[in-house]
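Peer 1:
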Amino acid sequence: MGTGRRRHWGLVGLIGLAFALRLFRLDFQSLWRDEVDAVRFACAPLADLLGAFVRPGQNGPLYHLLLRPWLHLAGDGEFGLRFFSLIWGVLAVPLTFRLARRIFPSLPGVACLAALLATTSPYLVWYSQEGKMYTLVVALILLSMDRYLAALERGGTWRWLVYVICTGLAPYVHFVAALIIPAQVFIFLAQDRLCRRHRWRPWLASLAVLTLPYLPLLAWQLPLLLHPGDTGFRFVPLPDMFSSALSSYSLGVVQPAPWWTLALFAGLWLAAGLLWRDRLVRPASLAVLLCWLLVPMLGLFLISLSRPLYTARYLIFVLPACLLLLAGGLAALGRRSRVVAGLWAVALLALNGRGLWLQATTPLKADFRAATRYVLSHLAADEVVLFQIPYGRYSFDYYARHLPPKAPGAGQPFSKHPAGSYRAFLPQVVRPGNELYRWAEGPYTNAGMSAAELDRRMAGIAAGSRAVWLVATEVALWDERGLVQAWLEQHGRLADQARFVQVSVYRYEFPMTNDQCRR
């Protein structure tokens, strides 16, 4: 069997492995609030969904538009929602292989190494198992970079056109992906003089065309980005941004590993420079990866000086550049010592395997699945559910309509109902408007709410209820002093509580009035 044929079947095997790793325990984690939002937005009226393309503060309208028909086809359960991300996460593997062959044409083995690292990357696997847009962004940027480099090398209207389409769509999937455009500008400037002289006209034309689809986003995003405001993110200094990204992209979202494991990755990135010294790659090839990796990070840092926005997942589209540098570093070491390179690769894959196992076995996301089941299995007609933060209601609602119903206190499921809904079994808690239970939003106290106002609000919530269930998650965002729970402790009696991952539930009983007793 020829070398090319072996690589072909090796890539097929890696795609199969990528699918298996991403499919394994796909619905293990409960949906967190951003994933529930993806379902809410995708299932909104079509006019609202289309209006999000020009509505201030919206992110990922194209992702939600693409997700909409998928949910109609696959259902809006955890598995169906996340499988959409899985598809793009698997597609990233052959796209990484293809791009590696273009960047390292004289080192065909680098493509296989890069595809293997993409297959086993804990961070890519994690977001391939999350119902959000991040793997779609990765796939679009990989295809954009491939077509961009092909157009710079060989020209051709179709290459430029596909590049413009992929790059223009990416910011509508996630607005931070627009930072790949300045990276690609620097990549063009880093090309040799002959390339710049022959390609500057189509490059300039594509850059001009590329700005047009982004203008609607820019009209409302730019004022938001340039004006200081509370974004929910803390400011992260530039060195901390790099160390955070290095940790996340190398080890995944569970990172109890010592510092030397990060040195294992950083050492390979530095070793990739040996390829240039040995004249095995052109300086422009390494410049592509460095610009791809560094420019978006610097751009997001500059934006964060005004509006803090950094989180590692926003820059996930630079992760392929990290993987390509790792593969290049392994290839450079392999030319000096196959034993050292082999041991280094084994250590790298062992860390990836460890990260994958920890992610697949460690509950990390807010467990509204278990919390909702617990509350609804004990909830009575004259009790109210209080959400602190109020946004938790959307996750609670999602699971109230998706979980198999359970009998109060018994821990055993009700007999199956065709509708598969709590509605048939808890008619006493259905409120007007097709709601399944009585609920209230927790008061926002972080703006300095007075004790008298809090007492008035809480008394109104508790009025007419035998008990109040407090569903607490991310409470500091809404009530950092814990005033709401303190009021419940003072005026009610704690009768029940249960703790789940990032969600706690408490049941406070209140004395019944004479009117309530007569009813």
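In this note's numbering, the protein residues as written are 31 to 549.
Every residue gets a Cβ at the ideal spot worked out from N, C-alpha and C, and that includes glycine.
#1: Taking its Cβ as the centre, do 16 or more other Cβ atoms sit within 10 Å of Glu413, making it buried, or is it exposed?
#2: So does Arg468 have its beta carbon nearer than 7 Å to some heavy atom of the ligand GTP?
#3: In angstroms with no decimal places, state the Cα-to-Cα distance between Ser174 and Val348.
#4: With C-beta atoms as the reference, is Ala207 less than 8 Å away from Ile171?
#5: Residues in its own chain within less than 6 Å of Val239 by CB, not counting five upstream and five downstream?
#6: Tell me where the beta strand (DSSP E) around Ala502 begins and ends.
#7: In the structure shown, what three-state DSSP assignment does Leu534 receive?
#8: Quick one, are the C-beta atoms of Met271 and Tyr344 less than 8 Å apart?
#9: Can you tell me which residues form a DSSP beta bridge with Arg231?
#10: If we call anything under 8 Å between Cβ atoms a contact, is Arg523 one with Glu539?
#11: Could you tell me if Arg588 is buried or exposed, where buried requires 16 or more neighbouring beta carbons within 10 angstroms of its beta carbon?
#12: Quick check: the Cα distance between Ser445 and Val405, rounded to an integer number of angstroms?
#13: Helix, strand or coil: how does DSSP classify Leu416 here?
#14: Ala357 to Ala144, Cα distance in whole Å?
#15: Using only the alpha-carbon positions, how far apart do Trp299 and Trp322 sit?
#16: Can you tell me whether Gln221 is helix, strand or coil according to DSSP?
#17: Given a cut-off of 8 Å, decide if Pro350 and Ala148 are closer than it, judged by their beta-carbon atoms.
#18: Specify, as a first and last residue, the run of the beta strand (DSSP E) that Ala470 falls within.
#19: Would you please state the rounded distance, in angstroms, between the beta carbons of Gln418 and Leu500? I believe it to be under 8 Å.
#20: When the Cα atoms are used, what is the spatial distance from Ser277 to Val311?
#21: From Asp67, Phe216, Val283, pick the residue whose C-alpha is nearest to that of Tyr551; which is it?
#22: With a cut-off of 8 Å on the beta carbons, I'd call Ala296 and Leu316 a contact; round off their distance for me.
#23: Where do the ends of the alpha helix (DSSP H) carrying His521 lie?
#24: Is it true that the segment 478-491 meets the segment 528-536, where meeting means three or more beta-carbon pairs spaced less than 8 Å apart?
#25: Looking only at its chain, what residues have a beta carbon closer than 7 Å to the beta carbon of His432, apart from the 5 residues adjacent to it on each side?
#26: Please report how far the alpha carbon of Leu507 lies from the alpha carbon of Met163, in whole angstroms.
#27: So Phe114 packs on Leu97, CB below 8 Å; how close in whole Å?
#28: Going by DSSP, what residue range makes up the alpha helix (DSSP H) through Phe134?
#29: Can you list, in chain order, the residues of its chain with a C-beta nearer than 7 Å to that of Phe58? Leave out the 5 residues immediately preceding and following it.
#30: Spatial neighbours of Leu292 within its chain, please: C-beta separation below 7 Å, excluding the five flanking residues on both sides.
#31: Let me confirm a value: Pro269 is counted as buried when at least 16 other C-beta atoms fall within 10 Å, else exposed. Which label applies?
#32: Using alpha carbons as the reference points, say which of Ala82, Leu129, Ala74, Val69 lies closest to Gly105.
Peer 2: For this structure:
#1: buried
#2: Absence of the ligand GTP is noted for the structure shown, with no ligands found whatsoever.
#3: 12 Å
#4: yes
#5: Val194
#6: 497-502
#7: A small correction: the amino acid at residue 534 is Ser; Leu does not occupy that position in the sequence shown. In the structure shown, Ser534 sits in a strand (DSSP, three-state: E or B).
#8: no
#9: Answer is none; Arg231 lacks a bridge partner.
#10: yes
#11: Residue 588 is absent from the model: the chain starts at 31 and stops at 549.
#12: Only weak support exists for where Ser445 lies, its pLDDT of 29 falling under 50; the coordinates are left without a value.
#13: strand
#14: 5 Å
#15: 14 Å
#16: coil
#17: yes
#18: 469-471
#19: 6 Å
#20: 28 Å
#21: Only positions 31 to 549 of the chain appear in this structure, which leaves residue 551 out of reach.
#22: 16 Å between Cβ atoms; not a contact.
#23: 513-521
#24: no
#25: Gly107
#26: 24 Å
#27: 6 Å
#28: Taken as a continuous stretch (DSSP letters only), Phe134 belongs to no alpha helix (DSSP H), as it is neither H nor E.
#29: Ala390
#30: Leu276, Ser277, Ser280
#31: exposed
#32: Val69
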